[in-house]
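Below you'll find the structure, written out as structure tokens, and then a few comments.
In my numbering, the protein residues as written are 76 to 174.
Spelled out as structure tokens, the structure:
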């Protein structure tokens, strides 16, 4: 019952797109992620983006960053492997926690 009340309060406080990664931080044509203009004027933008990044999708975004860093030569193979392994562990933990 308490969870339902919290969800109703959340619905009243935030817009429907709140925390949806592909809405508030979508990939553009060049493969990079950008916040849309409509989100920049929203008063919830910072909290919304933090919420989106804290979810499972956020870990996938971090994995994209690691892959880009490796491709550009900023990090080496071992660092890439280590970071991706850590991201995969955290992803599995979040998936198990959400069940």
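Just so it is clear, CB atoms sit at the ideal spot from N, CA and C, and this is done for glycine as well.
All values reported here derive from a predicted model rather than from experimental measurement.
| Query | Result |
| --- | --- |
| Touching by the beta-carbon criterion (3+ pairs, under 8 Å), the region 133-152 and the region 117-124 | no |
| Among 151, 109, 141, the one whose alpha carbon lies nearest that of residue 161 | 141 |
| DSSP state of residue 118 mapped onto helix, strand, coil | coil |
| Contact under 9 Å by Cβ, residue 176 with residue 138 | Examination of residue 176 is not possible in this model, given that the chain is present from 76 through 174 alone. |
| Residue 133: first and last residue of the uninterrupted alpha helix (DSSP H) it sits in | 131-147 |
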